[in-house]
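Working notes, beginning with the structure itself.
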Amino acid sequence: MSNQIETVPFWDYSTTAGPEQWASICPEFTTAAAYQYQSPIAFDTANCLSGNSLTALEINYQAQEFTVDTFTQSIHLVPTDFTNSLVFSGQTYTLQDIHVHMPNEHVIDGVMQPLEIHFVHRNAAQEPLVMGLFVKAGTNGPTLPNLNWHKGTTLTFNPADFLGATSHYFNYSGSLTTPPTNGPVTWVLLKDIQIAAPTWLDAIRQALPCANNNRPAQPLNGRHIDAY
Ligand SMILES: [Zn+2]
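Take the sequence shown: its letters are residues 1 to 228, numbered as in this note's numbering.
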């Protein structure tokens with residue numbers, strides 16, 4: 001994972017090679033975009049379904065080494081070993097990558113946030129699960145890992161230190177939000193919105209390889225969102 005290659009051909013978030021063009025950039029992107037359940041999505045909490053069969057998310061993270069890299073128009077924290085994991089719906093998924101979107105991609109109750117962090121996992125069958133954490137600016141939040149976000153830096157931290165106090169979540173099935181936007185991807189969006197100091201957010205913004213890197217919300221196409 002430390003030698004990932006920038007996706008070819010080139011894409012970005014501009015008006016010439018951005019989200020509106022991704023599906024026509026190459027056949028691989030075209031096929032991926034044809035998957036009918038794309039991400040991100042926008043939804044209202046009032047329309048989410050509770051009383052489902054979902055159970056508590058079990059997050060088993062501990063401190064480990066990461067390397068900072070930049071690819072797919074984002075900053076990535078790539079773990080040296082796949083030793084951190086979570087359990088969702090009885091299945092274990094190992095943490096393979098952490099990256100950022102500014103501003104947020106998923107829009108809940110119409111609210112935009114400055115940052116959405118994606119924790120990318122895969123299970124033994126290589127099926128992806130992405131856990132999303134929203135972060136807003138504030139002065140009364142916890143102390144978050146003080147990271148150097150510049151490419152090539154090696155860091156040791158516990159990714160659980162990014163997370164809020166509880167692990168209640170929204171769940172739906174979608175796709176990757178960067179090309180090729182393949183699905184299905186199991187999405188777990190944490191309800192607890194983290195609070196970060198403006199300077200903490202600025203450090204990420206300054207290291208981001210592009211301006212905004214958020215794909216707009218995609219059609220629901222009949223999907224519903226479960227809440228736990
Ligand atoms: Zn992402």
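Note that CB positions come from ideal geometry on N, CA and C, so glycine has one too. On a predicted model such as this, the values are computed, not experimentally measured, just so you know.
Taking C-beta atoms as the reference points, residue 77 and residue 92 fail to come closer than 9 Å.
Positions of the alpha helix (DSSP H) runs, each at least 4 residues long and wholly inside the segment 26-97, are given as 27-33 in order along the chain. For residue 74, the shortest separation between its Cβ and any heavy atom of ligand 1 lies below 8 Å.
Residue 41 is a Cβ neighbour of residue 223, given a cutoff of 9 Å. In terms of side-chain proximity, the C-beta atom of residue 150 is found no nearer than 8 Å to any non-hydrogen atom of ligand 1. In this structure, residue 134 and residue 193 form a Cβ contact; the two beta carbons are roughly 5 Å apart against a cut-off of 8 Å. Residue 177 has its alpha-carbon roughly 10 Å from the corresponding atom of residue 101. Across the set 85, 49, 105, the C-alpha of 85 shows the shortest separation from the C-alpha of residue 120. For residue 189, there is no enclosing alpha helix (DSSP H); the enclosing beta strand (DSSP E) covers residues 185-190. For residue 201, the enclosing alpha helix (DSSP H) starts and ends at 198-207. Counted as a single uninterrupted DSSP element, the beta strand (DSSP E) harbouring residue 121 occupies residues 115-122.
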